[in-house]
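Residue numbers (mature numbering (1 follows the signal peptide of the UniProt record, and there is no 0)): -36 to -1, 1 to 539.
Some notes on the structure that comes next.
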């Protein structure tokens, strides 16, 4: 069987570009709603490579998520709640590891016999939750759903260079590309590469993802889903890998951050990711469990939405960047767990680069420290003194509100008139997807996380016409470099090109970078084993969680002590 991707849709029907990066940042911000307390005194944090290994199995554990997924259809898995759950039920051709590296998944091997050909040899004997055995036909069908216009798949643009997907053997699938694409094989470790049973999906029809099973291959199956309250996963005893240590996982939908934090402190839930920043101190001081920080590949930025107003002059953007109190924002807005930065990419995504390439990517970047005198001079030079800017904010989290406040303070100090416009949460979400919602707005707080460990995942957003290029930034030289990097499989050469993109973006500031933000996870004393990195979005993290015990700490292979780096995110050991 084969599937030929349809022609691109008309601009008015364009699928979301990197939708997990379009709406997931909003979701991350929604997770930090209100209840902001004072910043932690003398706050510091450690990056941990993992948590102690379990001492044994556990009957069940309960996990908090800040919102209920609308669907668990893998083609729409663009947000934190969906992927946090789905990563334990469905598996992809490749796998993102807790160390943020790539390894085989449902494909035991991936080969690249020509620049436009990828061959995936599948594992034999893999069973779906519906009892059927995985074949190449299931893979072709599953990837084909990502390119079907009727599905409006969130991952469709990651298939833009795919010409065909064909079964070239009972357990072999060949993907032919229109042109070389170094990013496509990496995205096969995300929800873009999920494989489900064709028969199971077709039997579910329009109900797929909202009721019944998901017909996938992961260590857990979808159990009871009480809409508006909770969702249960059950261990899949027919799993092709090591069985999950927990018999059941119960996800509770706790939309209020204070209620979510209190549930962790009281032991009503055993743990959770996406901890509200205002709760870091309470959870760290608690004797109920442990708060861990790990690599998050996340950056907090000021997204520029209007290049025709005052921010259209790069000198004004540079001035605003120079005037920002990044350190104060990290302390207050991120609860002290973060790193002030002038880099649009995190240091962790450069882990695979040669030392000289990594150094070149960060050499000569603008300082992350304030220089008000230089900033005022730039504003005057641009003739922008007294000009007005409007920054959007919303009562959805202290990181959003405090960054908007920090921008207003910075602008006022250098001669700009900065207005802060508060909008409702749904209107704030619309800023990411609706150009009309951005009218009259010059910039807004934006958090971005990478889904692969490659700087291009973020840097491609500034090419002409990119979905997240909100301000319409256009640079022909930049576009050429993006195309060159995309078409380069040689990692060293690609990263050298990407270091040039990084420096160009830092000079032009289509977004103004503010801080790196680590992943946070809280574990009750009764459980352990969860990954600390953002890999939980596509890695079956719940299968690693088991019972804590007196020997758990001693058994830790890469626990909080062994892998911890005291200080700031992204400056310690690379994953």
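Here a beta-carbon is modelled for each residue, glycine too, at the ideal position from N, C-alpha and C.
- Here residue 413 is buried. Its C-beta has 16 or more other C-beta atoms within 10 Å.
- Shown here for residue 151: same chain residues with a beta carbon closer than 8 Å to its own, the five before and five after excluded, namely 119, 122, 157, 415 and 416 in chain order.
- Comparing alpha carbon positions, the residue from 104, 141, 221 and 358 closest to residue 130 is 104.
- Spatial neighbours of residue 348 in its own chain (CB-CB distance under 6 Å, excluding positions within 5 residues in sequence) are listed in chain order as 274 and 280.
- In the DSSP assignment, residue 200 falls outside any alpha helix (DSSP H) and carries neither an H nor an E.
- In chain order, 158, 159 and 160 place their CB closer than 7 Å to the CB of residue 106, counting only its own chain and leaving out the 5 sequence neighbours on each side.
- Residue nearest to residue 308 within the set 393, 470, 293 and 75 is 470 (criterion: CA-CA distance).
- In its chain, beyond the 5 residues on either side, 210, 211 and 212 have a beta carbon closer than 8 Å to the beta carbon of residue 23.
- For the options 434, 324, 380 and 34, the alpha carbon positioned closest to that of residue 460 is the one of 324.
- In this chain, residue 500 is not harboured by any alpha helix (DSSP H), its DSSP state being neither H nor E.
- DSSP lists no beta-bridge partner residue for residue 171.
- Following the DSSP letters along the chain, one finds residue 486 inside the beta strand (DSSP E) bounded by residues 475 to 488.
- Contact annotation: residue 256 and residue 496 have beta-carbon atoms nearer than 7 Å.
- Between the stretch 41 to 60 and the stretch 498 to 507, the count of Cβ pairs shorter than 8 Å is three or higher; the stretches touch.
- The three-state secondary structure of residue 109, taken from DSSP, is helix.
- DSSP places residue 254 in the uninterrupted beta strand (DSSP E) bounded by 253 to 268.
- Secondary structure of residue 126 (DSSP, three-state): strand.
- Taking 3 residues as the shortest admissible run, the stretch 192 to 247 contains the following complete beta strand (DSSP E) segments, listed from N- to C-terminal end: 194 to 199, 210 to 217 and 235 to 237.
- Listed in chain order, the non-local C-beta contacts of residue 100 below 7 Å within the same chain comprise 86, 131, 133, 134, 135, 136 and 137, local neighbours out to five positions each way being set aside.
- Pairing residue 289 with residue 304, the inter-Cα distance amounts to about 9 Å.
- In this structure, residue 293 places its C-beta atom within 7 Å of the C-beta atom of residue 367.
- Counting only the Cα atoms, residue 485 lies some 32 Å from residue 398.
- Under the 10 Å beta carbon count, residue 234 is surrounded by 16 or more other beta carbons and is classified as buried.
- Counting only unbroken stretches of 4 or more residues, the alpha helix (DSSP H) elements lying wholly within the stretch 27 to 113 are 44 to 50 and 100 to 110, in sequence order.
- Contact between the stretch 313 to 324 and the stretch 448 to 463 is established, with three or more Cβ pairs separated by less than 8 Å.
- Beta-bridge partners assigned by DSSP to residue 414: none are found.
- Leaving aside the five residues that flank residue 310 on each side, the residues in its chain whose CB is nearer than 8 Å to its CB run, in chain order, 259, 260, 261, 262, 263, 414, 480, 533 and 534.
- A contact between stretches requires three or more CB pairs, one per stretch, nearer than 8 Å, and the stretch 375 to 386 meets this requirement with the stretch 332 to 346.
- Considering only 37, 108, 84 and 148, the residue with the shortest C-alpha distance to residue 453 is 148.
- C-alpha of residue 177 to C-alpha of residue 499: approximately 24 Å in a straight line.
- The secondary-structure analysis by DSSP pairs residue 354 across a beta bridge with 383.
- Contact between the stretch 401 to 409 and the stretch 356 to 373 is established, with three or more Cβ pairs separated by less than 8 Å.
- Annotation: the continuous alpha helix (DSSP H) that includes residue 462 extends over 455 to 472.
- Secondary structure note for residue 375: it is in no beta strand (DSSP E), and the uninterrupted alpha helix (DSSP H) holding it is 362 to 377.
- Cβ neighbours of residue 37 within its own chain (closer than 7 Å, five residues either side excluded): 172 and 173.
- Between residue 231 and the set 208, 198, 25 and 266, the nearest pair of CA atoms involves 25.
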